[in-house]
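Read the structure below first, then the notes.
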Amino acid sequence: MLINYKNLPFNPTLRERARYLRNNMTFSEVLLWKELYRKKFLDLNFDRQKIIGNYIVDFYCPDIGMVVEVDGDSHDFKEKYDTKRHNYLESLGLIVIHLDDKEIKKDISWPLPLLHAETIKRIKSLGVTTPES
1 MLINYKNLPF
11 NPTLRERARY
21 LRNNMTFSEV
31 LLWKELYRKK
41 FLDLNFDRQK
51 IIGNYIVDFY
61 CPDIGMVVEV
71 DGDSHDFKEK
81 YDTKRHNYLE
91 SLGLIVIHLD
101 DKEIKKDISW
111 PLPLLHAETI
121 KRIKSLGVTT
131 PES
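Position one of the sequence shown corresponds to residue 1 (the working numbering), numbered consecutively onward.
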């Protein structure tokens with residue numbers, strides 16, 4: 001069950017960290033953000049560095065409850081933490097898509113079809129209508 005955007009758990013002590021991350025995005029995050037912001041991707045709204053519970057996710061689409069994570073070197077040796085985080089987000093009814101940092105840097109067009117397919121699947125499962133669905 002999808003949780004309402006306004007009712008997502010929120011840890012206010014992470015505000016400064018989220019602001020810092022928004023102002024210091026990785027190169028891959030910048031490339032992906034250029035494809036997502038201002039409803040450029042399937043006319044969906046995305047937030048960057050969104051606080052959900054005790055975590056900050058790279059990108060969040062409140063329209064369909066989808067998290068997009070760019071996984072790079074910062075995720076090395078954090079498999080247990082990442083699994084716990086992933087499971088927590090899914091327990092809230094969110095779908096979590098992981099994209100590879102190196103692949104985004106190599107060719108931004110690579111992750112977009114994957115993201116598009118996963119997004120359309122999510123939209124259909126929720127019965128949401130968008131211009132492209």
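In this text, a Cβ means the ideal position worked out from N, Cα and C, and glycines have one as well.
For ARG38 and LYS102, I'd like the C-alpha separation in whole angstroms.
Rounded to whole angstroms, the separation of the alpha carbons of LYS102 and ARG38 is 25 Å.
Go through its chain and collect everything with a Cβ distance to PRO62's Cβ below 8 Å, but skip five positions before and after it.
So the qualifying residues of the chain are TYR5, ASN45, ASP47.
Using only alpha-carbon positions, find the residue among GLU90, ASP82, ILE64 that is nearest to THR129.
ILE64
If you draw a straight line from the alpha carbon of GLU16 to that of ILE51, how long is it in whole angstroms?
11 Å
Residue range of the alpha helix (DSSP H) that includes LYS50
Here LYS50 belongs to no alpha helix (DSSP H); instead the beta strand (DSSP E) covers 47-52.
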